[in-house]
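In this note's numbering, the protein residues as written are 123 to 342. Notes to accompany the following structure.
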Amino acid sequence: MLTEKKKEFIEFMMDSDVLRFGDFVTKSGRNTPYFVNTGNFKTGRQIALLGKFYASLIKESCGDEFDCMFGPAYKGIPLAASAAAALYNKYQIDKPYFFNRKEEKDHGEGGSLVGYKPQDGDRVIIIEDVITAGTAVRETMPILTGAAKVQVKDMFISVNRCEVGQNPEKTTIMEVMEDFGINVHAIITVQDIYEYLKQDGSYGKILPKMEDYMSKYCVF
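Next up, the structure:
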């Protein structure tokens, strides 16, 4: 269901040039009529608002029942930081966050993790932008489980593309749940984007492309 909060987030992404329409190719090699690039969030206002959307979803889904937040390099780093700040400012939930380096540091404090050092038994939530093929999750889990005996039960993303994964009958998010036991929570879904465009009435050329894409690659 397209709520006012979801409409607000879609318009925020469009105004920030993060949600774009045209002809693109996803990381999985699929041609798509829409593209989400959270790397285009680049002002203080934008990152502050983005953090509030994530914080709201985290509060609604988990409350404060977690120990720390992980933002995978690179796009997950500012997402985790902004979400952590918003959780404190809006809900007085003060949780540590950490992120990884792409290359392990061999001087100074060393290691590949920056910020909080996870401990055995920690309940970690992952903060990411989108999931398409699930590659990032499969790269992230060994980093977390290699750092400590942590539990990862929840992941938060901007957009659920609802796309099929390695199994044509299941979405990538379904596979992530089956493979890792992680519940993926999204601020919006591709269905919300489609409904928004349909209600707006000025995206007549995009709608058929969205419908074609969704019929080919999405599972609802």
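Even glycine gets a Cβ: it sits at the ideal position worked out from N, Cα and C.
If you follow the alpha helix (DSSP H) that residue i is in, where does it begin and where does it stop?
i	result
A255	Careful: A255 lies outside any alpha helix (DSSP H) and carries neither H nor E.
F131	E126 to D137
M332	I328 to Y339
If you reduce the DSSP assignment to three classes, tell me which class residue i lands in.
i	result
G230	Confidence is the limiting factor: at G230 the pLDDT is only 46, short of 50, which leaves the residue's position unreliable, though a coordinate-based value still follows. Reduced to three states, the DSSP call for G230 is coil.
E291	coil
E285	strand
A308	strand
Q241	coil
K217	coil
Y156	strand
G198	helix
G303	coil
M296	helix
Y176	helix
Y325	coil
List the DSSP bridge partners of residue i.
i	result
I279	A308
C190	V246
Y210	DSSP, once it has assigned bridges, lists no residue as partnering Y210.
Q273	R245
V236	F221
T267	T267 pairs with nothing; no bridge assigned.
Taking 9 Å as the threshold (C-beta atoms), are residue j and residue i in contact?
i	j	result
D276	F188	yes
R283	V306	no
E250	G303	no
I247	C340	no
Q273	D244	yes
T160	T154	no
A205	Y196	no
Y176	L201	yes
T294	T254	yes
The beta strand (DSSP E) with residue i in it runs from where to where?
i	result
F163	Premise fails: F163 is in no beta strand (DSSP E) and is neither H nor E.
F146	L141 to V147
With a threshold of 9 Å between beta carbons, is residue i in contact with chain B?
i	result
N282	In summary, chain B is missing from the structure at hand, where a single protein chain is found.
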